[in-house]
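> Protein chains in written order, with my numbering: chain A, 576 to 939; chain B, 865 to 1419.
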Amino acid sequence: MGDHRDGNPHKSGAVVTSDGAELDQFPDPGLPPHRPRMTDVDSKAAKRAEHQVVLLFLLSVIGSVIFFVAYFGIRVDGPLYDAVNTEPTAQLRLQNLLLGLGIALGMFGIGIGVVHWARTLMPDHEIVEQRHDLRPESERAEAQSILNTIYDESGVKRRPLLRNTLIGAAVLMPLPFVGLLKDLGPTDLKVLRHSMWDEGVRLVRDPSGTPIKASDVTLGSAFHVIPENLTSLGHEEGYLNEKAKSVVLLMRLDPDKVNVSEGRKDWNVDGIFAYSKVCTHVGCPIALYEQHTHHLLCPCHQSTFDLTNECEVIFGPASRPLPQLPITVDSDGYLVARSDFHEPVGPTYSQRDFAVKDMQDEAN
Amino acid sequence: MSTSTDFEYRPTTRTGRIANYVDTRVGGSSIVKEFGRKIFPDHWTFMFGEVALYSFVILLLSGTFLALWYDPTMTSMEYKGNYVPMQGVEMSGAYASTLNISFDIRGGLFLRQLHHWSALLFAMAVAVHMLRVFFTGAFRRPRELNWVVGCVLFILAIVAGFSGYSLPDDVLSGNGLRIADAIAKSVPVVGTYISMFMFGGEFPGHAIIGRLYIVHVLIIPALILMMIVIHLFMVVVHKHTQFAGPGRTENNVVGYPVGPVYAAKAGGFFFIVFGILAAIAGSTTINAIWNYGPYDPSPVQAGSQPDWYMGFSDGGLRLMPGSWPFSWEINLFGLAIPLAILLPLIPMAGMFGAMFAWPWIERWVTRDNRVHNILDRPRNAPFRTAVGAAGVTFYAVQMIAASGDLIATHFHVAVNDVIYWLRALYFVGPILAFIIARRFCLALQRKDREIVLHGRESGRIQALPHGEFVEVHEPLDEYRRYKLVDFQDHQVQPARANAKGKITAGEKVRGRLSHLFFEDRVSPVTPAELEAAHGHHEPEPVAVGAGSHASQIEK
């Protein structure tokens, strides 16, 4: 390249500078000459453009007509997504498509028509407008003197007690409204501790509610389980709240391949283990069970728990193992809980560790 | 006015009489005088903000229709509608009414899909508009505050999207709320109470849908509308920015008048945006809540992920290792602190903070407090473009992580490996993006210099008398050339001592940043350089397009 320095000995060689660039700039050549469009010079082209715009507007009319034809002309009679009678579903799909396309055509016709009109038939001369100082000094001075007058006339300066008491009152006044928010929710955190599991509560299938015999749980199978007493709870009595804490996964593992810690020897029934289904990360249901690796996987954030090691976290963002539900069998051979979980299920909250301590004291 | 009636204007036409009646009562003439021929510069990148505005209008329209049928209640009922797979299922009134809108209200499905697609486009257009403003430096003085308003609008768009997404009370959105609940609970000390206040007790409770409803249909739209009014008011006050070019200066605006050209183009564009969204809404299913079922804490689908604008936060959560190399749940003064949730939120908050503060950060580093009405081409501000690319990469890595499981299943790789790579990219990606983007900018600037100095390649090969073949370069005309040379490059501003003769620590940081940003730079070509480039080789015959290929050959 020419006479400018190409490269800087210290750096990467990308420096290209011009000596005295600030002093020596290209002059502004001004706006380029206007180039007339076809429609400016050829009256036939202009007429053609006019016809195109009219055609586009007429297309819009057709679009609106299509909408009403689809709205009144297509009948969606009968059940939707029915395995036997698929006709109404197809009609619904067709109607939805045509309603959309009708409106789309109605909009496109107007939109493209007007833009085409502007681009071909309206003048395309660029116009120059001057910018003005956002705040001319004269206006600032005038505004300031006005504000001074206001300040003086209000008497705030001469009577500071007025100002100070007003500030005090104004600070206090919004607080009642903050106070009114207090009853947005209860503040007793104890509800977060316990689920509906308790000694002797049967494990039943979700959602059918049928109890489970130990022999039903074959090696490699997994059951989505809820406590039996939940099934009789109405939606208005907090069914979903309780379910959110009580959902459990039940699986049978080869007892020889599982590490069980000292205090949990009697929490499983011949290799049948029950774990909370609520992820300890942010509370998604752990819905995926990989039989061959004995891993539980959360579909939301891929936290992976190792069933052979008391659901220890082996991958993903969870920090705690899934809580285990101690289970046994009752006299009829059905699986039942030995007690509630020994810790709150689900994601961490600040006061959780106090709850864990209390609950473990209770359990022992 | 009418009190001193020396002259009372009497219109002759009916339209004129109506206009005059209104004008003498509201003063319309001055508004017409102010706005009727106001000039707006034209550039295709200026359309993104328009897309955002128009999709918001479409959101208001379609949302109003939906509100006529939607029932924001969590009271349980048995579904008795037309959709066979859910008949007899116990569900909330909110979910049932959403099914009704989809299947029993004629055109309801179209409206739902129009609303959802518009929401996705709204957030997208806001984001792309922000990127345009950032990369062209349109946020510089005097528009810093309007940039902040824009940032607030971006956050409001996200909140609007999330609150609306949750209203159908289906399994997928219920899991989204479950995650929101856990994030609230992760806040030390007060978080649990925030969660209890949000849900009126335990998750999910019976309150959240009604509360989100009022947030979604009143509070957030009102705030967005207010912000849009402020945003547009400031655009009028500042007048629009324009790209550099012949005839365009810091002190003028070159473009088309509002009436009729700009109004026609912008007004027509509203209908085009609406048309595109209507075509998508009619033809493409979005958020098929009837497949998911009513909210139940037990089921969830594999491959579930949030709408795109929430992706970065979900991805950030996925990237954080919770138990490696040790458990990231710590106990501080007896309080359980889930760092696996809190830590990834901090860089996200940092990114948003930097976004808000960028106009002032840039002003501080460059010491440039001048008024800028001329936009930068992104290549002409390599430092800013590089910073932007780093930020976009940081955001994108987290957004991609939100689809980590889908990437794994689609490309048949282990989900663990996807996450390991993305964890590395989370740290390395922004740095690489910074370096690469800056190199690209500098290379493009050098290419511009090349074109200005030696003309553009004409594609014509010429044989010289001594047998050499060269390509003829055509010089630029003065208008094209001016476009390539009319920019200001920043120079390194080393740390300087203050009045007391001391170089403060902050000033040292500034000096170092200035070095990082500006030590590699390319200046615009000067007339002297152009002269020199043409001067030191034999002149070409003008007839074949006088170029400056000789200097090319010299190299």
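Where is the CB? At the ideal position from N, CA and C, for every residue including glycine.
1) Find the residues of chain B that neighbour E704 of chain A, judging by a C-beta separation of less than 9 Å, and give them in chain order.
2) So the beta strand (DSSP E) I847 of chain A belongs to, where does it begin and stop?
3) With distances taken between CB atoms, is the gap from L1289 of chain B to T1257 of chain B smaller than 9 Å?
4) Please check the pair V911 of chain A and S1162 of chain B, which I expect to be a contact at CB under 8 Å, by giving their CB distance rounded to whole angstroms.
5) In whole angstroms, what is the alpha-carbon distance linking S1191 of chain B and D1384 of chain B?
6) What number of angstroms, rounded off, separates the C-alpha of L1031 of chain B from the C-alpha of R768 of chain A?
7) Just reading off the beta strand (DSSP E) that E1335 of chain B is part of, what are its end residues?
8) So for M994 of chain B, helix, strand or coil by DSSP?
9) Quick check: the Cα distance between I1295 of chain B and L1377 of chain B, rounded to an integer number of angstroms?
10) Using a Cβ-Cβ cut-off of 8 Å (strictly less than) and excluding sequence neighbours within five positions of L606 of chain A, which residues of its own chain qualify?
11) If you measure between the beta carbons of L975 of chain B and N1151 of chain B, is that distance less than 9 Å?
12) Exposed or buried, what is Q935 of chain A when buried is set at 16 or more other beta-carbons lying within 10 Å of its beta-carbon?
13) Can you give me the Cβ contacts of M1452 of chain B inside the same chain, cut-off strictly under 6 Å, excluding the 5 residues immediately before and after it?
14) Below 8 Å on the Cβ atoms is my guess for R1182 of chain B versus A1265 of chain B; work out the distance and round it to an integer in Å.
15) Check whether chain A comes within 9 Å of D1269 of chain B, counting only Cβ atoms and requiring the distance to be less than that.
16) Residues in the same chain with beta-carbon distance under 6 Å from Q926 of chain A, minus the five sequence neighbours each way, listed in chain order, please.
17) Taking its Cβ as the centre, do 16 or more other Cβ atoms sit within 10 Å of V844 of chain A, making it buried, or is it exposed?
18) Should A927 of chain A be flagged as near chain B, meaning a C-beta pair shorter than 9 Å?
19) May I ask you to report which of helix, strand or coil DSSP gives K840 of chain A?
20) Tell me where the alpha helix (DSSP H) around V1035 of chain B begins and ends.
21) Going by Cα to Cα distance, which pick from A:P860, A:D831 and A:T724 is closest to S1168 of chain B?
22) At a Cβ threshold of 9 Å, is T1230 of chain B touching chain A?
23) Between the region 1124-1136 of chain B and the region 682-701 of chain A, do three or more beta carbon pairs fall short of 8 Å?
24) With DSSP as the reference, label E1008 of chain B as helix, strand or coil.
25) Suppose the cutoff is 8 Å on Cβ atoms and the five residues either side in sequence are ignored; what does the same chain contact list for P1185 of chain B look like?
26) Taking Cβ-Cβ distances shorter than 7 Å, what residues in chain A pair up with L973 of chain B?
27) So, does the CB of E914 of chain B fall closer than 9 Å to a CB anywhere in chain A?
28) In terms of residues, what are the limits of the alpha helix (DSSP H) holding L1203 of chain B?
29) May I ask which residues mark the beginning and end of the beta strand (DSSP E) holding S1322 of chain B?
30) What's the C-alpha gap between C875 of chain A and A1166 of chain B?
31) Would you tell me roughly how many angstroms separate the C-alpha atoms of A679 of chain A and I1144 of chain B, rounded to the nearest one?
32) Check whether the region 797-808 of chain A touches the region 769-783 of chain A, counting contact only when three or more Cβ pairs, one atom from each stretch, lie closer than 8 Å.
33) To the nearest angstrom, how far is the alpha carbon of N884 of chain B from that of P875 of chain B?
34) Quick one: what's R1075 of chain B bridged to in DSSP?
35) Excluding the 5 residues flanking Y814 of chain A on each side, which residues of the same chain have their C-beta closer than 6 Å to its C-beta?
36) For H1354 of chain B, which of helix, strand or coil comes out of DSSP?
Taking the definition as stated:
1) Locating residue 704 of chain A in the first sequence gives position 129, counting from the first residue. Residues of chain B passing the Cβ test: R901, K902, I903, K1103, N1116, V1117, V1118, G1119 and P1121.
2) Taking the first sequence and counting its residues from 1, one reaches residue 847 of chain A at position 272. I847 to S851 is the span of the beta strand (DSSP E), which, as asked, contains I847 of chain A.
3) What you label residue 1289 of chain B is simply residue 425 of the second sequence in a count that begins at 1. What you label residue 1257 of chain B is simply residue 393 of the second sequence in a count that begins at 1. Taking 9 Å as the Cβ cut-off, L1289 of chain B and T1257 of chain B qualify as a contacting pair.
4) As a working mapping, residue 911 of chain A is identified with position 336 in the first sequence. As a working mapping, residue 1162 of chain B is identified with position 298 in the second sequence. Incorrect: roughly 20 Å between the Cβ atoms, too far for contact.
5) Counted from its first residue, the second sequence places residue 1191 of chain B at position 327. Counted from its first residue, the second sequence places residue 1384 of chain B at position 520. Cα to Cα, the separation comes out at about 44 Å.
6) Counting from one through the second sequence, the residue named residue 1031 of chain B turns up at place 167. Counting from one through the first sequence, the residue named residue 768 of chain A turns up at place 193. For L1031 of chain B and R768 of chain A, the distance between alpha carbons rounds to 28 Å.
7) Position 471 of the second sequence, counted from the first residue, corresponds to residue 1335 of chain B. Where E1335 of chain B is concerned, the enclosing beta strand (DSSP E) stretches over F1333 to E1338.
8) The sequence position of residue 994 of chain B within the second sequence is 130, counting from 1. Helix.
9) The residue you call residue 1295 of chain B lines up with position 431 of the second sequence. The residue you call residue 1377 of chain B lines up with position 513 of the second sequence. Roughly 15 Å between the two C-alpha positions.
10) Walking along the first sequence from the start, residue 606 of chain A turns up at place 31. Same-chain partners within the cutoff: E701 and V703.
11) Translated into positions along the second sequence, residue 975 of chain B becomes position 111. Translated into positions along the second sequence, residue 1151 of chain B becomes position 287. No, Cβ-Cβ distance for L975 of chain B and N1151 of chain B is not below 9 Å.
12) Translated into the one-based positions of the first sequence, residue 935 of chain A becomes position 360. Exposed.
13) Residue 1452 of chain B cannot be examined here, being either before or after the span of chain B that is shown, 865 to 1419.
14) Mapped onto the second sequence, residue 1182 of chain B falls at position 318. Mapped onto the second sequence, residue 1265 of chain B falls at position 401. About 5 Å separates the two Cβ atoms, so the contact holds.
15) The sequence position of residue 1269 of chain B within the second sequence is 405, counting from 1. Yes - at least one Cβ of chain A is within 9 Å of the one on D1269 of chain B.
16) In the first sequence, counting from the first residue as 1, residue 926 of chain A sits at position 351. Here the set comprises L764.
17) Mapped onto the first sequence, residue 844 of chain A falls at position 269. With 16 or more other Cβ atoms within 10 Å, it is buried.
18) Working through the first sequence from its first residue, we reach residue 927 of chain A at position 352. Note on residue identity: the sequence assigns Arg, not Ala, to residue 927 of chain A. Yes, R927 of chain A lies at the interface with chain B (some Cβ there is under 9 Å from its Cβ).
19) In the first sequence, the residue the question calls residue 840 of chain A occupies position 265. K840 of chain A falls in the coil class under three-state DSSP.
20) Taking the first residue of the second sequence as position 1, residue 1035 of chain B is located at position 171. V1035 of chain B -> alpha helix (DSSP H) spans V1035 to S1050.
21) Taking the first residue of the second sequence as 1, we reach residue 1168 of chain B at position 304. S1168 of chain B has its Cα closest to that of A:P860, out of A:P860, A:D831 and A:T724.
22) Walking along the second sequence from the start, residue 1230 of chain B turns up at place 366. It does not; no Cβ of chain A falls within 9 Å.
23) yes
24) The sequence position of residue 1008 of chain B within the second sequence is 144, counting from 1. In the structure shown, E1008 of chain B sits in a helix (DSSP, three-state: H, G or I).
25) What you label residue 1185 of chain B is simply residue 321 of the second sequence in a count that begins at 1. Contacts found: W1192, A1204 and R1287.
26) As a working mapping, residue 973 of chain B is identified with position 109 in the second sequence. In chain order: N671.
27) Counting from 1 along the second sequence, the entry for residue 914 of chain B is found at position 50. Not closer than 9 Å to any Cβ of chain A, the Cβ of E914 of chain B fails to qualify, so no.
28) Stepping through the second sequence from its first residue, residue 1203 of chain B is reached at position 339. It spans L1203 to T1230 - the alpha helix (DSSP H) in which L1203 of chain B sits, taken as one unbroken run.
29) Taking the first residue of the second sequence as 1, we reach residue 1322 of chain B at position 458. Taken as a continuous stretch (DSSP letters only), the beta strand (DSSP E) holding S1322 of chain B covers R1320 to A1327.
30) In the first sequence, counting from the first residue as 1, residue 875 of chain A sits at position 300. In the second sequence, counting from the first residue as 1, residue 1166 of chain B sits at position 302. Going by the C-alpha atoms only, they are around 7 Å apart.
31) Residue numbering aside, residue 679 of chain A sits at position 104 when the first sequence is read from its first letter. Residue numbering aside, residue 1144 of chain B sits at position 280 when the second sequence is read from its first letter. Near 9 Å, if we compare the C-alpha coordinates of I1144 of chain B and A679 of chain A.
32) yes
33) Position 20 of the second sequence, counting from 1, holds the residue named residue 884 of chain B. Position 11 of the second sequence, counting from 1, holds the residue named residue 875 of chain B. If I take the Cα positions, the gap works out to 7 Å.
34) Counting from 1 along the second sequence, the entry for residue 1075 of chain B is found at position 211. For R1075 of chain B, which the question treats as bridged, DSSP gives no partner whatsoever.
35) The count along the first sequence starts at 1 and reaches residue 814 of chain A at position 239. Result list for Y814 of chain A: L808, in chain order.
36) Taking the second sequence and counting its residues from 1, one reaches residue 1354 of chain B at position 490. Three-state DSSP puts H1354 of chain B in coil, outside helix and strand.
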